[in-house]
Each structure stands twice: as C-alpha cells, then as structure tokens.
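Enquirer: Each protein sequence line maps, in turn, to chains A and B.
This note's numbering applies: residue 62 is where the first sequence begins, and numbers increase by one.
This note's numbering applies: residue 62 is where the second sequence begins, and numbers increase by one.
Glycine is no exception: its CB is placed at the ideal position from the N, C-alpha and C atoms.
One structure, as structure tokens, below. Some questions next.
Protein chains: 2
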Amino acid sequence: MNSELDTKERILATARELFHGRSYADVGIKEICSLAKVQKGSFYHFFPSKQDLAMAVIDNMSDDWANGFVAEAFDEALAPIERLDYMVDAVYYWQKAAKSIEGRMPGCLFGNLALEVSTRDEVLRARLNAVFEKASSRFNEALEQAIEIGDIPPLDTKATATAMLAYLEGVILLAKTRNDPEVVRNLGPAIKSIRIEYKHKN
Amino acid sequence: MNSELDTKERILATARELFHGRSYADVGIKEICSLAKVQKGSFYHFFPSKQDLAMAVIDNMSDDWANGFVAEAFDEALAPIERLDYMVDAVYYWQKAAKSIEGRMPGCLFGNLALEVSTRDEVLRARLNAVFEKASSRFNEALEQAIEIGDIPPLDTKATATAMLAYLEGVILLAKTRNDPEVVRNLGPAIKSIRIEYKHKN
DNA sequence: CCTTGACTTGACCGATCGGTCTAATATACT
DNA sequence: AGTATATTAGACCGATCGGTCAAGTCAAGG
Chain A
62 MNSELDTKER ILATARELFH GRSYADVGIK EICSLAKVQK GSFYHFFPSK QDLAMAVIDN
122 MSDDWANGFV AEAFDEALAP IERLDYMVDA VYYWQKAAKS IEGRMPGCLF GNLALEVSTR
182 DEVLRARLNA VFEKASSRFN EALEQAIEIG DIPPLDTKAT ATAMLAYLEG VILLAKTRND
242 PEVVRNLGPA IKSIRIEYKH KN
Chain B
62 MNSELDTKER ILATARELFH GRSYADVGIK EICSLAKVQK GSFYHFFPSK QDLAMAVIDN
122 MSDDWANGFV AEAFDEALAP IERLDYMVDA VYYWQKAAKS IEGRMPGCLF GNLALEVSTR
182 DEVLRARLNA VFEKASSRFN EALEQAIEIG DIPPLDTKAT ATAMLAYLEG VILLAKTRND
242 PEVVRNLGPA IKSIRIEYKH KN
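Okay, here's the thing in structure tokens:
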C-alpha cells in the first residue's frame with residue numbers, strides 16, 4: 062500500500078543523491094536499484110525510462126528546494142536585501158556540509174544537469190529552464206520590494222534578478238571546480254552589487 | 062611524417078568539437094575515431110586513455126582561447142573596462158554562431174566539463190581549475206589597471222576578478238539552459254557592476 | 001639491404017549500458 | 001473464494017562502452 066510510495070520514493074531519493082553527487086550519465090539504473098534495494102523490474106514499473114526518472118528527480122528537488130531553505134531565504138519577514146545574503150549563506154553551509162560528508166563539493170544539481178544534458182535532451186533542458194525561471198522570480202520579488210521600500214534605487218528587476226541567479230550559479234560552478242565551499246562565502250555576498258539599469262531606448 | 066601530426070590533431074579537433082557540443086561521457090572513442098577517420102588502434106597510440114584525451118582537449122582549447130579572442134579582449138591597447146565588454150561580446154558572438162550552426166548553444170567547454178567531471182576525476186578537475194585561475198588573472202590585470210588610471214575606485218581586484226569570471230560562467234550556463242545567446246548580450250554587460258571591497262578586518 | 005621503431009589496421013575483450021519480458025507474489029475488490 | 005490488478009523478482013537482450021592486442025605497413029638510418 063504505502064510500499065509503492067516507499068519504493069518509488071526510495072528510488073527517487075537514491076537517484077537524486079547519486080545524480081547530484083556525480084552526474085546523470087555516470088549513474089546507471091543498476092546502481093540506483095542496488096542502492097535503493099529495488100529490482101530492475103520494479104524500477105521500470107514506476108519509471109518508464111531514465112529520462113522520466115531525471116524529470117522526477119528535478120521536480121522532486123525543485124519542490125524540496127522551494128519549500129526548504131529557499132522559502133526561508135525569501136521569507137517576506139526578512140528585509141529584501143537580507144534575503145540575498147540568506148540565500149548565499151544557505152548555499153554555503155549546504156555545500157560545506159555536503160563536502161564534509163562526501164569529500165567533494167557536489168554543486169547545484171540543476172546547474173550540473175543543465176550543462177550536462179541540455180544539448181542532448183530538449184525535454185530535460187526545458188524543465189531545468191523552468192526551474193531557473195522560477196528561482197529567478199524569487200529574486201525579482203525581493204528586488205521589487207527593495208525598491209519599493211527605498212532600499213535600493215530603481216533598476217531593471219527582471220534582468221537583475223536573472224543576473225543574480227546567474228552569478229550564484231557561476232559562483233557555485235567555480236567553487237565546485239576548486240572543490241572549496243569557501244569560494245561561495247567569499248564571492249557570494251557580491252551578488253548584491255549586481256545592477257542592470259532599465260534600458261532607455263530600444 | 063606530418064601524418065602523425067595530422068592524425069593526432071584530427072583526433073584532438075574532433076574530440077574537442079564533440080565534447081563541446083555534447084558532453085564528455087556522451088561521446089565515445091568509437092565516434093571520435095570514425096568522425097576523425099582514424100582507427101581505434103591509432104587513437105590509443107596517441108592517447109593512452111580517454112582521460113588523457115580530455116586533458117589534451119582542455120589544454121588545446123585553453124591555448125586557442127588564450128591566443129585567440131581572449132588575447133584580443135584583454136589587449137593592453139584597450140581601456141581596461143572596455144576589455145570586459147569585449148570579452149562579453151566575444152562570448153556572445155561565438156555562442157550565437159555556434160548555435161546557428163549546430164542548433165544548440167554549446168556553452169563554455171570548461172564550464173561544461175568542470176561540472177560534469179570534477180566530482181569524479183581529480184586530475185581533470187585540477188586542470189580545469191587551473192584554466193579558470195588563468196582566466197581570472199586576466200580579469201585581475203584589467204581591474205588593477207583600471208584602478209591605476211582612476212577609472213574605478215579601488216577594490217579587491219583578485220576577488221572581484223574571480224567574481225566576474227563566475228558571473229560570466231553563470232551567464233553562459235543560463236543562456237545555454239535557455240538555448241538563447243541573447244541572454245549573454247542582455248546580462249553580460251552587468252559584469253562591470255560587480256564589486257568586492259577589500260576586507261577591513263578578518 | 002636490412003633493421004628499427006613509429007604508425008595503422010581491425011578483430012576482439014569483458015563489462016556495463018538502458019531497457020524488456022515472463023513468471024511469481026502480494027493486495028484489493030466482488 | 002475468486003478474480004483482477006499492482007508490484008516484485010531477476011534472467012535476459014542487443015548495443016555500446018573503454019581498452020587491448022597481434023599483425024602488419026611504412027619511412028628513415030645504418
């Protein structure tokens with residue numbers, strides 16, 4: 062009864078962990094199954110293909126993310142600008158914790174997957190793009206509010222929000238490549254310095 | 062005689078193209094060989110392993126890059142700040158051209174590889190990290206000069222340089238995920254707004 | 001002319017890939 | 001109880017993976 066959920070969710074959790082810690086291509090169905098203690102047949106009962114699994118993993122992580130520390134970071138109780146710092150902090154502590162467990166900085170699951178699969182798999186690419194757009198909109202809200210209360214001068218909130226997300230992803234990329242979460246802490250706060258003005262003409 | 066160079070270089074060029082356009086894991090030796098019109102045995106005569114090939118591809122691309130438009134962008138003849146815009150422009154036109162040929166935005170080979178392999182392959186990770194550090198130092202020089210001539214107020218050039226590189230990589234990541242080079246053009250110029258001040262205390 | 005060593009050829013290797021299939025089993029409804 | 005359905009088990013599939021290897025081709029040097 063709930064064994065269905067158990068099995069499916071065990072597959073999902075295992076796949077998420079492995080995809081995040083290594084990569085999509087590098088993790089096989091077999092490995093996922095054996096770690097999740099599930100047989101191949103059961104796997105393909107719940108997920109028609111590896112691509113479907115990836116999709117589910119993206120959605121699952123995206124939900125957890127949105128309801129987890131992103132919800133905390135972008136809590137309306139916090140001053141808009143503080144939310145940016147909170148977000149950076151959250152990324153830092155998360156990556157640091159992950160590294161201390163696994164030995165390596167896993168980076169951002171979405172960023173990792175995006176660069177790995179988006180030239181090959183339109184469906185996954187579109188999904189990942191949607192995740193980024195959703196994330197960007199959180200930054201956008203914060204920026205709009207910051208302007209409203211006069212914390213920062215007006216600017217192109219949409220573009221700046223996307224730029225901030227890009228910066229965060231870039232910082233994580235570099236940190237992962239250096240395998241050093243401190244990069245996030247050192248560079249992260251500069252996210253607040255990014256500004257894109259409204260275009261006058263055009 | 063020069064057939065050796067021919068063969069090796071043909072392998073290198075083909076591998077570079079395929080790795081860039083797709084991914085490391087997704088491209089097999091067999092495919093590289095058949096596109097490069099080389100036999101498996103010849104391949105392994107020149108490259109002991111796929112990892113060695115990846116290494117060579119990274120070095121090769123890094124050289125071309127450093128001597129190509131990066132050299133142009135960071136030309137001392139240009140005003141330091143203009144170099145940043147030049148760099149962004151170069152990335153934009155490159156990605157746009159690549160997309161119009163292949164249909165998809167390949168992104169940055171180094172960024173792609175970094176996220177794909179750096180949790181799995183220490184050697185490649187270190188090499189990619191070195192490439193990033195070299196790139197970062199070009200930004201650093203430009204910033205130092207910009208400060209020297211009074212174009213911008215003093216700041217932590219090392220940190221800011223790394224942050225700018227991170228931003229550029231992040232912008233490319235997002236653009237690739239959206240499969241739209243225009244993202245580079247829209248967000249890219251904001252690289253100039255990034256600032257990291259010197260730490261007063263520790 | 002003969003040897004040497006770089007280079008090429010392509011068959012071959014075991015392992016693993018994503019995915020299929022049939023049969024068994026557990027569960028739920030009538 | 002009987003039947004339908006959901007789930008599991010695990011053998012099996014062809015294809016492909018990175019890599020090996022023995023046999024040869026070929027040009028340069030003695």
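On the DSSP letters alone, give me the boundaries of the alpha helix (DSSP H) that F171 (chain B) sits inside.
Expert: Segment 170-178, the alpha helix (DSSP H) holding F171 (chain B).
Enquirer: Please check if any C-beta of chain A sits within less than 7 Å of the C-beta of T238 (chain B).
Expert: Answer yes: the Cβ-Cβ gap between T238 (chain B) and chain A drops below 7 Å somewhere.
Enquirer: Nearest-angstrom Cα distance between R199 (chain A) and A151 (chain A)?
Expert: Going from the Cα of R199 (chain A) to the Cα of A151 (chain A) covers about 15 Å.
Enquirer: For G249 (chain A), would you say it is in contact with chain B, using Cβ-to-Cβ distances shorter than 7 Å as the test?
Expert: It does not: the Cβ of G249 (chain A) has no partner Cβ on chain B nearer than 7 Å.
Enquirer: Assign Y259 (chain A) to buried or exposed, taking buried as 16 or more other Cβ atoms, counted over all protein chains shown, within 10 Å of its Cβ.
Expert: Exposed, by the Cβ-count rule.
Enquirer: L176 (chain A) and G172 (chain B) look like a contact to me (Cβ under 8 Å); what is the Cβ gap, rounded to whole Å?
Expert: Right, the Cβ-Cβ distance comes to about 6 Å (below 8 Å), so this counts as a contact.
Enquirer: Within 7 Å (strictly less), CB to CB, does I255 (chain B) reach chain A?
Expert: Chain A, which has a Cβ nearer than 7 Å to the Cβ of I255 (chain B), makes this yes.
Enquirer: The segment 78-92 of chain B: which residues have C-beta closer than 7 Å to a C-beta of chain A, in chain order?
Expert: Listed by position along the chain: G82, R83, S84, A86, D87.
Enquirer: Alpha carbon to alpha carbon, how far is A74 (chain A) from S123 (chain A)?
Expert: Approximately 13 Å, taken between the alpha carbons.
Enquirer: Using three-state DSSP, classify L73 (chain B) as helix, strand or coil.
Expert: If DSSP states are grouped into helix, strand and coil, L73 (chain B) belongs with the helices.
Enquirer: Given a cut-off of 7 Å on the beta-carbon distance, is the pair A222 (chain B) and I255 (chain B) in contact?
Expert: Not a contact, by the Cβ cut-off of 7 Å.
Enquirer: Going along the chain, which residues of the segment 189-217 of chain A sit with their C-beta nearer than 7 Å to a C-beta in chain B?
Expert: Under the 7 Å Cβ criterion, the segment 189-217 of chain A contributes L189, N190, F193.
Enquirer: Here's a check: name, in chain order, each residue in its chain whose Cβ is nearer than 6 Å to the Cβ of V244 (chain A), leaving out the five neighbours to either side.
Expert: Around V244 (chain A): L235, A236.
Enquirer: So with CB distances below 8 Å, who are the chain B contacts of L235 (chain A)?
Expert: F193, T223, L226, A227, E230, listed in chain order.
Enquirer: Using 10 angstroms around the beta-carbon of K195 (chain B), count the other beta-carbons present and answer buried if the total reaches 16, otherwise exposed.
Expert: So K195 (chain B) counts as exposed.
Enquirer: Is N240 (chain A) helix, strand or coil by DSSP?
Expert: Note: N240 (chain A) maps to coil in three-state DSSP.
Enquirer: For K253 (chain B), I'd like the list of residues in its chain whose CB is within less than 6 Å of its CB, leaving aside the five on either flank, ordered along the chain.
Expert: Cβ within range, chain order: L145.
Enquirer: Apart from the five residues on each side of it in sequence, which residues of its chain come closer than 7 Å, Cβ to Cβ, to S84 (chain A)?
Expert: Closer than 7 Å at Cβ, skipping near neighbours: N173, E177.
Enquirer: Cβ closer than 7 Å: which chain B residues qualify as neighbours of P141 (chain A)?
Expert: What P141 (chain A) touches in chain B: nothing, since even the nearest Cβ is about 18 Å away.
Enquirer: Any idea what DSSP makes of S123 (chain A), helix, strand or coil?
Expert: Three-state DSSP puts S123 (chain A) in a helix.
Enquirer: Whether or not the segment 114-129 of chain B and the segment 181-192 of chain B are in contact is what I'm after, with contact meaning three or more pairs of Cβ atoms, one per stretch, closer than 8 Å; do they touch?
Expert: With a cut-off of 8 Å, the segment 114-129 of chain B and the segment 181-192 of chain B count as touching, because enough Cβ pairs lie within range.
Enquirer: Could you check the C-alpha separation between L204 (chain B) and I142 (chain B) for me, to the nearest Å?
Expert: Taking the straight line from one Cα to the other gives about 8 Å.
Enquirer: Mind listing the chain B neighbours of R144 (chain A)? Cutoff is C-beta to C-beta under 8 Å, in chain order.
Expert: Under the 8 Å cutoff, chain B gives no residues; its nearest Cβ is about 19 Å from R144 (chain A).
Enquirer: Taking the alpha carbon of K157 (chain A) as the point to measure from, which residue in A:N247, A:G249, A:D241 has its own alpha carbon closest?
Expert: For K157 (chain A), the nearest C-alpha among the options comes from A:D241.
Enquirer: Taking its Cβ as the centre, do 16 or more other Cβ atoms sit within 10 Å of K81 (chain B), making it buried, or is it exposed?
Expert: According to the sequence shown, residue 81 (chain B) is His rather than Lys. By the 10 Å Cβ count, H81 (chain B) comes out buried.
Enquirer: Using a Cβ-Cβ distance cut-off of 7 Å, determine whether S179 (chain A) contacts chain B.
Expert: For S179 (chain A), the answer is yes, since a Cβ of chain B falls inside 7 Å of its Cβ.
Enquirer: How would you label A207 (chain B), buried or exposed, when you count the other beta carbons within 10 angstroms and need 16 or more for buried?
Expert: Classification for A207 (chain B): buried.
Enquirer: If I measure Cβ to Cβ from A159 (chain A) and keep anything under 7 Å in the same chain, skipping five residues before and after, which residues do I get?
Expert: Closer than 7 Å at the Cβ level, and outside the excluded window around A159 (chain A), lie M166, P167.
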